[in-house]
Amino acid sequence: MKLSIIIINFNTYEYTKNTIKSVIDSDIDFDYEIILIDNASYDKSISKLETYFEKYINDNLLKIVKNETNIGFSRANNIGINMSSADYILLLNSDTKVSINTIKNCVRYLNMQGDNSILSCKVLLEDGTLDHACKRGFPTPSASLYYFLKLDKKNPLKYGAYDYLALNENEIGYVDVISGAFMLIPRNIIESVGVLSEDYFMYGEDIDFCYKVKENGFNVMYYPLEEIIHYKSKSRKKRKFKTIFDFHNAMWIFYKKHYIGKYNAFITITVFMGVWIKFILSIIKNIFTTN
1 MKLSIIIINF NTYEYTKNTI KSVIDSDIDF DYEIILIDNA SYDKSISKLE TYFEKYINDN
61 LLKIVKNETN IGFSRANNIG INMSSADYIL LLNSDTKVSI NTIKNCVRYL NMQGDNSILS
121 CKVLLEDGTL DHACKRGFPT PSASLYYFLK LDKKNPLKYG AYDYLALNEN EIGYVDVISG
181 AFMLIPRNII ESVGVLSEDY FMYGEDIDFC YKVKENGFNV MYYPLEEIIH YKSKSRKKRK
241 FKTIFDFHNA MWIFYKKHYI GKYNAFITIT VFMGVWIKFI LSIIKNIFTT N
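Oh and the sequence shown: position 177 is 177 in UniProt numbering, straight run, nothing missing.
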């Protein structure tokens, strides 16, 4: 089989349904499968998806795994990766819509490059602007500081490492980090670097994986000739405490794993304080946010 597409569902029936439908409606001219991992949804989304896609389940195009508990994004994806046997693996968020040729052309391009890279296409938000997570630099202390202080707005080339602003959003090129919303991975790279780190419950696992990929001599490719839409939650919406915590905790986990030995104690303490002060400010902002 050429491609295994892995999608994680957690109480997102409409989004997941539309994502799967956009894949099935795509112009894909090779064998593929969709592996849907459900993280113990309680909104009856899986039973509704089983009914809606019954034909594709019977044809073995769509396979569904039902976890008994919410085991997190990384572990759920790893279940799908370990189930798969295809030449390529595509991690695809359940709140995305792929264009008709996106999957086919991304696989072809990666194959033409010799399968020495992982790849993301251009990821657009619902309003048509770029989701910068699809083309980023590693969150080093300096890059993060420049981003936090918005110095990247004044001088993108000098201070724009966090969003990899040195590479135009319409330009093909190598970057440090691509988004797990659409991450195409050749099988040989999985075999070399392993699966996603399960140190992360949600958020950060894509950055960590890209770090491992580059550490092992492979490349991280941004390919904007194809695109998807990512229906991210709007910033004005109130978020759960755990979601905010997981986001900030992922920053600290990544720093501890990859940077703590490279910087002195002062920088480490500054990073620690910066992460958790930002967490507290996010909690306060969320309290006063209306849905």
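The beta-carbon is built from N, C-alpha and C at its ideal position, and this holds for glycine as well.
Given the structure is predicted, the values throughout are model-derived calculations rather than measurements.
Anticipated Cβ contact below 8 Å, residue i with residue j, distance rounded
i      : j      : result
VAL98  : ILE228 : 5 Å
LYS48  : TYR13  : 5 Å
SER120 : PHE182 : 5 Å
SER94  : THR140 : The pair is not a contact, with the Cβ atoms about 30 Å apart (cut-off 8 Å).
LEU157 : LEU165 : 7 Å
PHE30  : LEU3   : 7 Å
ILE7   : LEU92  : 5 Å
TYR211 : PHE247 : Actually they do not touch by this definition, with Cβ atoms about 18 Å apart.
SER45  : THR69  : About 16 Å; that fails the 8 Å criterion.
LEU151 : ASN78  : With 8 Å as the limit, LEU151 and ASN78 do not qualify as a contact, their Cβ atoms being about 37 Å apart.
GLY180 : ASP206 : 3 Å
GLU169 : LYS122 : 7 Å
Among the options, the one whose alpha carbon lies nearest that of residue i
i      : options                           : result
ILE71  : ILE35, PHE10, TYR56 and TYR88     : PHE10
ILE244 : THR69, LEU281 and PHE209          : LEU281
VAL220 : GLY128, GLY137 and LEU125         : GLY137
TRP252 : ILE118, LYS242, PHE279 and ILE28  : PHE279
TYR88  : SER197, ILE34, HIS230 and ASN216  : ILE34
LEU130 : PHE266, MET273, ASP31 and TYR222  : TYR222
GLY128 : ILE64, TYR231, GLY160 and ILE118  : TYR231
TYR174 : LYS135, LYS256, GLY180 and ILE267 : LYS135
TYR255 : ASP38, PRO224, LEU225 and ALA143  : ALA143
SER85  : VAL271, LYS242, ASN188 and LYS262 : ASN188
Limits of the alpha helix (DSSP H) - the one that residue i falls within
i      : result
CYS134 : It is not in any alpha helix (DSSP H) - CYS134 carries neither H nor E in the DSSP assignment.
SER144 : 141-148
VAL275 : 265-287
ASP176 : From DSSP, ASP176 is part of no alpha helix (DSSP H); its letter is neither H nor E.
ALA250 : 241-258
LEU151 : 151-154
LYS104 : 102-112
Reduced DSSP category for residue i - H, G, I as helix; E, B as strand; rest coil
i      : result
VAL220 : strand
GLU198 : coil
SER235 : Low confidence applies to SER235: its pLDDT is 35, below 50, so where it sits in the model is not reliable, and the reading given next is rough at best. Coil, per DSSP.
TYR32  : strand
VAL123 : strand
ASP208 : helix
ASN9   : strand
MET83  : helix
TYR159 : helix
GLU191 : helix
ILE20  : helix
GLU215 : helix
GLU171 : coil
ASN70  : coil
ALA166 : coil
HIS55  : Just to set this straight, residue 55 is Lys in the shown sequence, not His. LYS55 falls in the helix class under three-state DSSP.
TYR203 : coil
ALA76  : helix
Beta-bridge partners of residue i, as assigned by DSSP
i      : result
TYR88  : LEU3 and PRO186
ILE229 : LYS97 and LEU124
ILE118 : VAL220
ILE37  : ILE8 and VAL65
Where the beta strand (DSSP E) through residue i begins and ends
i     : result
THR96 : 96-98
ILE46 : Per DSSP, ILE46 belongs to no beta strand (DSSP E); it is in the alpha helix (DSSP H), 45-52.
VAL65 : 62-66
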